[in-house]
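Below: the structure, in structure tokens.
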Amino acid sequence: MKFNTKVIHGGQHHDPSTGAVMPPVYQTSTFVQTSPGQPLNPDYEYSRAANPTRSALENALASIENGTRGLAFSSGLAATDCVLRSFKSGDEIIAMDDLYGGTYRMFTRIYKDSGIKFHFVDMNDLEKFKSLINENTKLVWVETPTNPLMKLADIQEIAKITKEKKILFAVDNTFATPYLQKPLDLGADIVMHSATKYLGGHSDVIAGALIVKDEALGEQLHFQQFATGATLGPMDSFLVLRGIKTLHLRVQRHCENGGKVVEFLNNHPKVKTVYYPGLPSHPYHEIAKKQMSGFGGMVSFTFVSGKKEDAIDFLEKVKVFTLAESLGGVESLANHPALMTHASIPEDKRKEIGITDDLVRLSVGIEDADDLIEDLKQALA
Ligand SMILES: C=C(NCc1c(COP(=O)(O)O)cnc(C)c1O)C(=O)O
1 MKFNTKVIHG GQHHDPSTGA VMPPVYQTST FVQTSPGQPL NPDYEYSRAA NPTRSALENA
61 LASIENGTRG LAFSSGLAAT DCVLRSFKSG DEIIAMDDLY GGTYRMFTRI YKDSGIKFHF
121 VDMNDLEKFK SLINENTKLV WVETPTNPLM KLADIQEIAK ITKEKKILFA VDNTFATPYL
181 QKPLDLGADI VMHSATKYLG GHSDVIAGAL IVKDEALGEQ LHFQQFATGA TLGPMDSFLV
241 LRGIKTLHLR VQRHCENGGK VVEFLNNHPK VKTVYYPGLP SHPYHEIAKK QMSGFGGMVS
301 FTFVSGKKED AIDFLEKVKV FTLAESLGGV ESLANHPALM THASIPEDKR KEIGITDDLV
361 RLSVGIEDAD DLIEDLKQAL A
């Protein structure tokens with residue numbers, strides 16, 4: 001089955017009891033048992049453990065990422081937390097140096113006293129990355145492209161190293177989506193999504209996802225999912241599943257509009273640097289062409305002036321773009337990472353990785369590109 005069919009049919013079937021073509025929202029917390037410990041349907045006894053609507057979504061997630069098991073969570077960070085619960089004091093984790101602020105905060109504050117040691121490194125420096133590996137290294141965690149600087153990591157090259165060293169390799173595929181990039185096919189062990197973003201696609205749900213190929217790993221993560229309880233409810237599962245059915249069409253338009261916005265920004269006198277993997281000048285453009293089939297709808301840029309005031313002035317002037325956190329919805333959003341999504345990263349660390357006070361991040365939506373360009377033009381005037 002090709003991807004554009006998988007997003008609609010992958011892992012799906014009509015409802016066995018009613019014949020409903022779309023999975024009903026089973027808004028129930030529990031399921032009847034015929035005798036103690038004997039649920040009427042052996043697959044369902046309590047919705048934290050399993051719910052038919054969430055199962056339909058989890059089957060779709062596995063299908064579109066070419067995995068064997070999908071798991072759906074109440075948020076992207078809940079999915080990330082589920083992975084981290086696999087590790088113990090003395091273990092070490094190597095992560096990309098540019099990450100969503102909430103992920104960095106989880107690694108450095110929530111897990112601060114866990115005894116797990118985190119290293120943050122630009123994964124394009126493979127020698128530096130390899131130098132950090134030791135017998136305690138248990139997980140490598142990357143975003144590619146990264147939020148918000150659009151850095152890339154070569155999934156296949158990293159996977160060669162993690163497989164040889166028997167280290168788990170997780171890729172946060174939120175920005176690319178499986179329409180553009182399939183980390184499991186490239187050698188990763190775990191794919192994570194903030195399904196809040198492109199998978200849901202309509203800024204109307206908070207959700208997370210994990211997809212794996214290895215069945216034993218899937219069982220282990222499922223145990224951690226239901227035993228810690230950050231599972232996705234039936235209505236939210238329905239919303240994400242419905243979003244997935246148009247993922248291919250939406251991401252195609254996000255890419256088209258993203259390219260037009262980049263073209264405009266890259267030629268604007270007030271814009272200093274545009275961060276977009278589709279630009280030939282992007283430092284990781286070759287990796288982008290190697291592992292992505294398109295370059296996405298996320299764009300970041302800085303100002304020639306380098307002034308925070310210019311970024312704030314621009315963000316207060318946009319009209320079609322909405323100033324708000326999040327990304328990946330049908331509507332275009334604009335964000336100031338240093339003051340908003342990445343404010344939880346200490347200023348010195350932000351500066352070290354390049355998140356400057358004049359950095360603006362755009363989630364280019366699927367509106368008419370002419371209107372988006374006109375909006376940027378008037379906000380930059
Ligand atoms: C809310 C935002 N990011 C959430 C996010 C998360 C966390 O997902 P939540 O669904 O917000 O918990 C994980 N990974 C990436 C790459 C993300 O971008 C944002 O960047 O505006």
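Okay, so the sequence shown: first residue is 1 according to full-length UniProt numbering, each after it adds one. Positions of the beta carbon are idealized from the N, C-alpha and C atoms, including for glycine. Only a predicted model underlies this, so the values are computations on that prediction, with no experimental measurement involved.
{"Query": "Where are the alpha helix (DSSP H) runs, 4 residues long or more, that stay fully inside the region 50-113, in chain order?", "Result": "52-64, 76-84 and 101-105"}
{"Query": "Would DSSP call K151 helix, strand or coil?", "Result": "coil"}
{"Query": "Relative to the alpha-carbon of L184, which residue among T68, Q33 and D371 has its alpha-carbon at the smallest distance?", "Result": "T68"}
{"Query": "Determine the DSSP secondary structure at G258, reduced to helix, strand or coil.", "Result": "helix"}
{"Query": "Which residues share a DSSP beta bridge with S293?", "Result": "BP columns for S293 are empty, so no partner."}
{"Query": "Looking at C-alpha atoms only, which residue of D358, K117 and G297 is the closest neighbour of L372?", "Result": "G297"}
{"Query": "Three or more C-beta pairs closer than 8 Å, one from the region 19-39 and one from the region 172-186: is that the case here?", "Result": "no"}
{"Query": "Assign Q378 to one of two classes, buried (16 or more other C-beta atoms within 10 Å of its C-beta) or exposed (fewer than that).", "Result": "exposed"}
{"Query": "Are Y179 and H248 closer than 8 Å when you measure CB to CB?", "Result": "yes"}
{"Query": "Using the Cα positions of H119 and C82, report the straight-line distance between them to the nearest angstrom.", "Result": "19 Å"}
{"Query": "Would you check if the distance between the CB atom of K308 and the CB atom of D348 is smaller than 8 Å?", "Result": "no"}
{"Query": "From L149 to R48, what distance separates their C-alpha atoms?", "Result": "36 Å"}
{"Query": "State yes or no: is the C-beta of D185 nearer than 7 Å to some heavy atom of ligand 1?", "Result": "no"}
{"Query": "Sorry if obvious, but does the Cβ on L327 come closer than 7 Å to a heavy atom of ligand 1?", "Result": "yes"}
{"Query": "Determine the closest residue to V271 out of A95, V261, G10 and S89, with distance taken between C-alpha atoms.", "Result": "V261"}
{"Query": "Is the beta carbon of Y100 less than 8 Å from the beta carbon of T302?", "Result": "no"}
{"Query": "Would you check if the distance between the CB atom of Y276 and the CB atom of F264 is smaller than 8 Å?", "Result": "no"}
{"Query": "Within a Cβ cutoff of 8 Å, which residues of the same chain sit near R85, ignoring the five residues on either side of it in sequence?", "Result": "Q224 and T228"}
{"Query": "Any heavy atom of ligand 1 within a distance shorter than 7 Å of the CB on residue 470?", "Result": "Nothing can be reported for residue 470, as the shown portion of the chain is limited to 1 through 381."}
{"Query": "Rounded to whole angstroms, what is the Cα-Cα separation between D98 and G90?", "Result": "24 Å"}
{"Query": "Relative to the C-alpha of F321, which residue among D370, G233, K112 and T174 is closest?", "Result": "D370"}
{"Query": "Could you tell me whether any non-hydrogen atom of ligand 1 is closer than 7 Å to the CB of T341?", "Result": "yes"}
{"Query": "Would you say S194 touches ligand 1, meaning its beta carbon is less than 7 Å from a heavy atom?", "Result": "yes"}
{"Query": "Nearest-angstrom Cα distance between K166 and I190?", "Result": "14 Å"}
{"Query": "Looking at C-alpha atoms only, which residue of P24, L339 and A56 is the closest neighbour of I8?", "Result": "A56"}
{"Query": "In angstroms with no decimal places, state the Cα-to-Cα distance between G19 and T53.", "Result": "14 Å"}
{"Query": "Helix, strand or coil: how does DSSP classify V251 here?", "Result": "helix"}
{"Query": "Give the range of the beta strand (DSSP E) segment to which R48 is assigned.", "Result": "It is not in any beta strand (DSSP E) - R48 carries neither H nor E in the DSSP assignment."}
{"Query": "By Cβ distance, which residues of its chain are closer than 8 Å to V304, with the 5 residues on each side in sequence left out?", "Result": "P269, K270, V271 and K272"}
{"Query": "Does ligand 1 have a heavy atom nearer than 7 Å to the CB of D172?", "Result": "yes"}
{"Query": "Given a cut-off of 8 Å on the beta-carbon distance, is the pair I161 and K138 in contact?", "Result": "no"}
{"Query": "Pick out the complete alpha helix (DSSP H) segments inside the region 206-241, 4 residues or longer, and give them in chain order.", "Result": "215-228"}
{"Query": "Please report how far the alpha carbon of D43 lies from the alpha carbon of I287, in whole angstroms.", "Result": "43 Å"}
{"Query": "Enumerate in chain order the residues of its own chain whose CB-to-CB distance from V121 is below 7 Å, with the five nearest sequence positions on each side excluded.", "Result": "I94, D97, K128, F129 and L132"}
{"Query": "Quick check: the region 196-204 against the region 238-253, are there 3 or more CB pairs under 8 Å?", "Result": "yes"}
{"Query": "Would you kindly report the start and end of the unbroken alpha helix (DSSP H) that includes T177?", "Result": "T177 to L180"}
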